[in-house]
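Asks:
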Amino acid sequence: GSVYSHPRMNTKPMWFGISVVAVGLVLGMAARAAAGPPAGFNYDEAKVRPYVLPDPLTCLDGTKVKKSSTWAKKRRPEVLELFTTEVFGRPPEVRARPVFQVVETDQSALNGKATRKQIAIWLLGTNGGPRLDLLLYIPNHAGPRVPAFLGLNFGGNHAATTDPAVLITTNRVATKYATGATNRATGELRGMQASRWPIDLIVSNGYAVATACYGDLEVDSAEGWKTGIRGVLAGTQSGNPFKPDDWGAISAWAWGLSRAMDYLQTDPRINPRQVAVIGHSRLGKTALWAGARDQRFAVVISNNSGEGGAALARRNFGETTARINQNFPHWFCGNYKKYGGKEDALPVDAHLLIALCAPRPVYVASAQDDSWADPRGEFLALKGAEPVYRLYGVTGFPPDDMPPANTPVGDALGYHIRDGGHGITAYDWAQYLRFADRNLKGTSSRRQ
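With my numbering, the residue at position 379 of the sequence shown is 429, and numbering never jumps.
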C-alpha cells in the first residue's frame, strides 16, 4: 500500500472468469510490482542512522509507568492523542447511529458450507446517505456463535470472490478497479483479488469472514474526500476544509471498520468478542489504527503495512515519511507532513501504535522482497511494544533476533517474514488462522 501509487496485486491471481481487460490490468500491475522498489532510497542496514525510540513507559510529564492501570488511565490516552493529532487525524463526532439493511441472504453459499449475507450499512443513519456494503460469510457447520475476520478490500466485494451472487458495488472505486472513465466497477473484474481472500479456507476452519470495499468510504486519491465520507461530514465538496489535525483517509477507512464492527455485534451468529481486524498494505496501516482506537477488536493483524503502519519511521530504510506524504497526501493528517526528514521529532513511532492494542494479540507480517516496507523495521516495532504487554502479564513474544524466512514466531505477539514480495498470500493466511486458533477460539479475548 505504501508502494508506488497503487496496492500491488498478488502475482498469482485467480484467472477464472476475468475478462481480457482485467487480465491486461493485472499483468500491467504485476509488471510494475516486479520492477522492484524505487531507486534513491536506503536499503543498506549499515547506513541506518542511530535513533532513539520514545519510551512506552514514560509519560509526557516524566511519570514512569509501572502498572497496567497507569498505562490504561494515563499513558495510553496521551499516546492515542498524539497519534490522533500528529499522524492519523481526528474523526469528527458523529451522533447518528448507522442503520443496517440485510439485502441478501443465502444459507447454501460455497456449496452449502456457509451462509452469505450482503448488508448495506447506512453510515449516517439515513437510507440515502453514505453506504458501506458489507459481504459476510458465516460457516454453517460451526457453533451457534463463531469468531470472525474483518477487513477492507481494494477492488470491491465482487473482486474479492468468484461467487457470482456477490453484488457489484455501485459506489465509486479507484480508476484501476473500474473498466472505464466513470470510476464505476463492472463484473469484468469479478474475482480479480480472490487469492487475497481465501474465503472457502477461512470458513472451513470455522471462522466467518467479512469484507467491504475501502472505496465505499473514500476513493483512494488526493481528491477522493470530495465524494467520500470526509467530504459529506465536512459539508462541502470543494476547497480543502480540513484543519491540520483533522482526519485523513486512513482514519476514515478505520472509522468504517468500526461501523462494520457495529453490525457484527448485532448478528446472532457472530461472537462479538472474537473479531480479528486485518489489513494488507495501506489497509494494514488502517487495521492497526482501527485496532488502536477501537478496543472491541480482539486481535489485530497487519500484513506488509510498512511506513506509517508497523514499520519504524525513525529508521531511514525504504519508504520515508517525506515520500509517503508526497505520494499520498490524503492518507494522514496535515500535521504529519511536518515530520518529513525530521522523524526524530515525531513524538510517537510504530512500536507505540502496536502498544495501543495491548493486551490484545497483534500479528505483524513482512515479505523478504518487500524492502520498501522495511521488514526489519516492522519486526523491531513489534519488539518495541513488548514492555507494555509485560505490564499485563502477557507472555509469548518473538525472540530478540529476527527469524529467517518462513519461520513464524511469537504467541500473543506474532511475526513472520516469508519468501516473495508485497502481497497477502495463502502462506500468510495459514499463519493468521493458526494465530486466531491460539488467541480467539474457545476464549473470551483479552481486554483492557
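The C-beta atom is built at its ideal place from N, Cα and C for all residues, glycine as well. Since this is a predicted model, take the numbers as computed values, not measurements.
Checking the sheet assignment: what are the DSSP bridge partners for D296?
Replies: Answer by DSSP bridge pairing, in chain order: R140.
Asks: If I follow the unbroken alpha helix (DSSP H) through A431, where does it start and stop?
Replies: From DSSP, the alpha helix (DSSP H) with A431 extends over P425 to G434.
Asks: Could you tell me whether the region 221–228 touches the region 262–281, using the rule of 3 or more Cβ pairs below 8 Å?
Replies: Segments in contact, yes.
Asks: Look up F447 in the DSSP assignment and say whether it is helix, strand or coil.
Replies: In the structure shown, F447 sits in coil (DSSP, three-state: anything other than H, G, I, E or B).
Asks: Tell me, to the nearest whole angstrom, how far the beta carbon of A372 is from that of G390; I am working on the premise that it is less than 8 Å.
Replies: A372 to G390, Cβ: 3 Å. Contact.
Asks: Locate the beta strand (DSSP E) running through S158, then write down its first and last residues.
Replies: Where S158 is concerned, the enclosing beta strand (DSSP E) stretches over V149 to A159.
Asks: Should Q481 and P458 be called a contact, given that it needs their Cβ atoms to be closer than 9 Å?
Replies: Yes, they are a contact pair.
Asks: Confirm, please, whether the CB-CB distance from P397 to P197 is below 9 Å.
Replies: No.
Asks: From which residue to which residue does the alpha helix (DSSP H) around V253 run?
Replies: Its alpha helix (DSSP H) spans residues I249 to S254.
Asks: Between the Cα of A405 and those of Y386, P379, G359 and F367, spot the shortest distance and give me the residue it belongs to.
Replies: With distances taken between Cα atoms, A405 lies closest to G359.
Asks: Once you ignore the five residues that flank R346 on each side, which residues in its own chain have a CB closer than 6 Å to its CB?
Replies: Cβ within range, chain order: M311.
Asks: What residue ranges within the region 151–212 form continuous alpha helix (DSSP H) runs of no fewer than 4 residues, ordered along the chain?
Replies: The region 151–212 contains no whole alpha helix (DSSP H) run of 4 or more residues.
Asks: Have a look at A408 and L160 and give me their C-alpha separation to the nearest angstrom.
Replies: Taking the straight line joining both Cα atoms gives about 36 Å.
Asks: Check whether chain B comes within 9 Å of P214, counting only Cβ atoms and requiring the distance to be less than that.
Replies: Absent from the structure is chain B; it holds one protein chain and no more.
Asks: Mind reading off the beta-carbon distance from G341 to S355? Whole number of angstroms is fine, and I expect it under 8 Å.
Replies: In fact, because the Cβ distance is near 12 Å, the residues do not count as touching under 8 Å.
Asks: Tell me which residues share the same chain as A40 and place their Cβ nearer than 6 Å to its Cβ, disregarding the 5 neighbours each side in the sequence.
Replies: Since the displayed the chain opens at 51 and closes at 498, residue 40 lies outside it and no answer follows.
Asks: Can you give the Cα-Cα distance for F485 and T370, rounded to whole angstroms?
Replies: Between F485 and T370, the C-alpha separation is close to 30 Å.
Asks: Taking R145 as the reference, which of W121, L173 and R166 has the closest Cα?
Replies: Cα-wise, what sits closest to R145 is L173.
Asks: Quick one: using the 10 Å Cβ neighbour count with 16 as the cut-off for buried, is L110 buried or exposed?
Replies: Answer is exposed; the Cβ neighbour count stays below 16.
Asks: Touching or not, the region 411–424 and the region 84–100, by the rule of three or more beta carbon pairs under 8 Å?
Replies: Touching, yes, given that three or more Cβ pairs across the two stretches are closer than 8 Å.
Asks: So, with DSSP's three-state summary, where would you put Q324?
Replies: Q324: strand per DSSP, three-state reduction.
Asks: Should K163 and P141 be called a contact, given that it needs their Cβ atoms to be closer than 9 Å?
Replies: Their beta carbons are not under 9 Å apart, which means K163 does not touch P141 by this criterion.
Asks: Write down the C-beta distance between G470 and A417 rounded to the nearest angstrom, noting that I regard them as a contact closer than 8 Å.
Replies: Yes, G470 and A417 are in contact; Cβ-Cβ is about 5 Å, under 8 Å.
Asks: Based on the DSSP output, what are the partners of H401 in its beta bridges?
Replies: Per DSSP, none; premise fails for H401.
Asks: Less than 8 Å between C-beta atoms, sequence neighbours within five positions excluded: which residues of the same chain meet that for I300?
Replies: Within the same chain, I300 has close Cβ partners F138, R332, K335, T336, W339, G358, W381 and F382.
Asks: Can you check DSSP and say which residues form a bridge with K114?
Replies: Bridge partners of K114: T108.
Asks: Mind checking which residues open and close the beta strand (DSSP E) that includes P463?
Replies: Inspection of the sequence shows that residue 463 is occupied by Leu rather than by Pro. Residues L463 to R468.
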